[in-house]
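Asker: This is the structure I have questions about; it appears just below.
In this note's numbering, the protein residues as written are -13 to 171.
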């Protein structure tokens, strides 16, 4: 059994049509919200018993040599160069908006959730030569099927994001957990 139940909701789409996958966006019934300890809303909260958090793009990982740099350093290194952004997630426009909000000039390709990059798009990406950025989720698939033309650093990047939890929420979660056993000395 779980010691703490936490649900994360997209503040824009919220509960959508309130149906579970594949008919709707939910992984579990909306009734689950009655039984969880914490409801975290990514974006603006819509009720007082929820915690609002913001997803932030923080770092970029080169998928060739695994070097990590801050998003700010990555953008600075681009100069005026635009990038190609790929996202095969449930709400790709959210990823693209976060990149644009950081000042990036984008050519975007929204894929279906879990969809591999189509061969025609791969061929185009090779010809265009712009840096490619993608979600961490998409980067897993990319690395499993590395392409022959992905031969050096600076070509393909995963954008790493994080959510900063409010200190009060962290304390509330820790208070719900059972005490940890003492370590023998």
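In this text, a Cβ means the ideal position worked out from N, Cα and C, and glycines have one as well.
For clarity, every value in this text was computed on a predicted model and none was experimentally measured.
1) Measure the C-alpha to C-alpha separation of residue 17 and residue 1 and round it to an integer number of angstroms.
2) Can you tell me where the beta strand (DSSP E) holding residue 64 begins and where it ends?
3) Sort out for me which residues DSSP pairs residue 26 with in a bridge.
4) Quick test of your reading: residue -2 and residue 29, contact by CB under 8 Å. State the CB separation rounded to the nearest angstrom.
5) Helix, strand or coil for residue 14 per DSSP?
6) Can residue 50 and residue 119 be called in contact, C-beta distance under 9 Å?
7) Can you grab the Cα-Cα spacing for the pair residue 53 / residue 47, in whole Å?
8) Tell me the rounded alpha-carbon separation between residue 142 and residue 117.
9) Of all the beta strand (DSSP E) runs that stay within the bounds of the segment 85 to 145, which reach a length of 3 or more residues?
10) Which whole-angstrom value describes the C-beta separation of residue 38 and residue 22, a residue pair presumed to lie in contact below a C-beta threshold of 8 Å?
11) In three-state terms, what does DSSP make of residue 159?
12) Give the straight-line distance between the Cα atoms of residue 156 and residue 163, rounded to the nearest whole angstrom.
13) Let me confirm a value: residue 95 is counted as buried when at least 16 other C-beta atoms fall within 10 Å, else exposed. Which label applies?
14) Who are the Cβ neighbours of residue 151 in its own chain at under 7 Å, not counting the five residues just before and after it?
Answerer: Reading off the structure:
1) Within the chain shown, the letter at position 31 stands for residue 17. Within the chain shown, the letter at position 15 stands for residue 1. Those two C-alpha atoms are separated by around 11 Å.
2) Stepping through the chain shown from its first residue, residue 64 is reached at position 78. Note, residue 64: premise wrong, no beta strand (DSSP E); alpha helix (DSSP H) at 57 to 64.
3) For the purposes of this step, residue 26 is taken as residue 40 along the chain shown, with counting starting at 1. Partner(s): -6, 37.
4) The residue you call residue -2 lines up with position 12 of the chain shown. The residue you call residue 29 lines up with position 43 of the chain shown. Right, the Cβ-Cβ distance comes to about 6 Å (below 8 Å), so this counts as a contact.
5) Taking the chain shown and counting its residues from 1, one reaches residue 14 at position 28. Three-state result, residue 14: coil.
6) For the purposes of this step, residue 50 is taken as the residue at position 64 of the chain shown. For the purposes of this step, residue 119 is taken as the residue at position 133 of the chain shown. For residue 50 and residue 119, no; Cβs fall outside 9 Å.
7) For the purposes of this step, residue 53 is identified with residue 67 of the chain shown, where counting begins at 1. For the purposes of this step, residue 47 is identified with residue 61 of the chain shown, where counting begins at 1. Roughly 6 Å between the two C-alpha positions.
8) Within the chain shown, the letter at position 156 stands for residue 142. Within the chain shown, the letter at position 131 stands for residue 117. Cα to Cα, residue 142 sits roughly 6 Å from residue 117.
9) 92 to 96, 118 to 121
10) As a first step, residue 38 must be located in the chain shown, where it is residue number 52. As a first step, residue 22 must be located in the chain shown, where it is residue number 36. With a Cβ gap of about 16 Å, residue 38 and residue 22 do not count as contacting.
11) Residue numbering aside, residue 159 sits at position 173 when the chain shown is read from its first letter. Helix at residue 159.
12) Counting from one through the chain shown, the residue named residue 156 turns up at place 170. Counting from one through the chain shown, the residue named residue 163 turns up at place 177. Cα to Cα, residue 156 sits roughly 11 Å from residue 163.
13) The sequence position of residue 95 within the chain shown is 109, counting from 1. Label assigned to residue 95: buried.
14) Here the question's residue 151 lines up with position 165 in the chain shown. Cβ neighbours of residue 151 beyond the five flanking positions: 39.
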